[in-house]
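Participant: Heads up: the sequence shown begins at 0 in numbering that gives the first Met the number 0, then just goes up one per residue.
From the three backbone atoms N, C-alpha and C, an ideal C-beta is built for every residue, glycine too.
Predicted, not measured: the structure shown is a model, and the values here were computed from it.
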Amino acid sequence: MKSFYASVECVERGLHPLKTSLCVMSRAENANGSILASSPIFKHVFGKSNVSRSYDLPFDIYSRKFHYYNAKKQGLPTDRDFIDFIESWAKVTFSVPPRMDLYIKKNIQIQHIFHNYASVDDILPYSIDEGFIDFTSSLNYFIPG
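(1) Using alpha carbons as the reference points, say which of V95, D120, I109 and S136 lies closest to S25.
(2) Please go through the stretch 102-139 and give each complete beta strand (DSSP E) segment of 3 or more residues, from N-terminal end onward.
(3) Using 8 Å as the Cβ pair cut-off and three pairs as the minimum, do the stretch 12-21 and the stretch 88-103 touch?
(4) The alpha helix (DSSP H) with I40 in it runs from where to where?
(5) What residue does the alpha helix (DSSP H) around V91 start on, and which one ends it?
(6) Do three or more CB pairs link the stretch 110-128 to the stretch 74-90 at distances below 8 Å?
(7) Just reading off the beta strand (DSSP E) that V23 is part of, what are its end residues?
(8) Quick one: what's I85 bridged to in DSSP?
(9) Just checking my contact of D128 with F3 at CB under 8 Å: how many whole Å lie between their CB atoms?
(10) Give me the Cα-Cα distance between Y67 and D78, rounded to the nearest whole angstrom.
(11) Quick one: give me the first and last residue of the alpha helix (DSSP H) that N169 is part of.
(12) Along the chain, where does the alpha helix (DSSP H) that runs through V7 open and close?
(13) With F155 and I132 assumed to form a contact (beta carbons below 8 Å), what rounded beta-carbon distance in angstroms separates them?
(14) From S48 to A36, what does the alpha carbon distance come to, in whole angstroms?
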């Protein structure tokens, strides 16, 4: 379940989870919002992982303009090409609030799909966005011997 919260938010909006820049942010209305999850594109473009703060982004969360102070503080380039790159992605980046009830619902749906391919004993949910499946006992079902 790659970038689960961000992927759920993308799918709910009809967006491709691997081609959309999106972050799930608590308290997005202020500069101290926490980035709880982000799509792979968001991570790649802005060089951020999950669990960071909106004030660490290389753009202003409100205006979507390049943030020189943050860029310099992080040792990022400040040339025109880089600024244009960041601002172009910032303009198309979605910043959405967390919806834990939705993530739980989607997790349950995914767990039911897993039950089509493995026994309950072989499915080990670790958290809402992580789990393990042991397919050893069902390999013959999928791969002819």
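Facilitator: With the given structure in hand:
(1) The residue labelled residue 25 in the question sits at position 26 within the sequence shown. It is V95.
(2) 122-126 and 129-132
(3) yes
(4) Start at 1 with the first residue of the sequence shown, and residue 40 comes out as number 41. Looking at the DSSP string, the run of the alpha helix (DSSP H) that includes I40 is P39 to F45.
(5) Sequence index remark: in the sequence shown, residue 91 carries index 92 (1-based). Where V91 is concerned, there is no enclosing alpha helix (DSSP H), given that its DSSP letter is neither H nor E.
(6) no
(7) Along the sequence shown, read from residue 1 onward, the residue named residue 23 stands at position 24. Here the beta strand (DSSP E) through V23 covers L21 to S25.
(8) As a working note, residue 85 is residue 86 in the sequence shown. For I85, which the question treats as bridged, DSSP gives no partner whatsoever.
(9) Stepping through the sequence shown from its first residue, residue 128 is reached at position 129. Stepping through the sequence shown from its first residue, residue 3 is reached at position 4. Contact holds; Cβ gap of about 3 Å.
(10) In the sequence shown, residue 67 corresponds to position 68, counting from 1. In the sequence shown, residue 78 corresponds to position 79, counting from 1. For Y67 and D78, the distance between alpha carbons rounds to 10 Å.
(11) What is shown of the chain runs 0 to 144, which leaves residue 169 out entirely.
(12) Within the sequence shown, the letter at position 8 stands for residue 7. Note, V7: alpha helix (DSSP H), F3 to E11.
(13) Since the displayed the chain opens at 0 and closes at 144, residue 155 lies outside it and no answer follows.
(14) Numbered from 1 along the sequence shown, position 49 holds the residue referred to as residue 48. Numbered from 1 along the sequence shown, position 37 holds the residue referred to as residue 36. Each residue's alpha carbon lies about 8 Å from the other.
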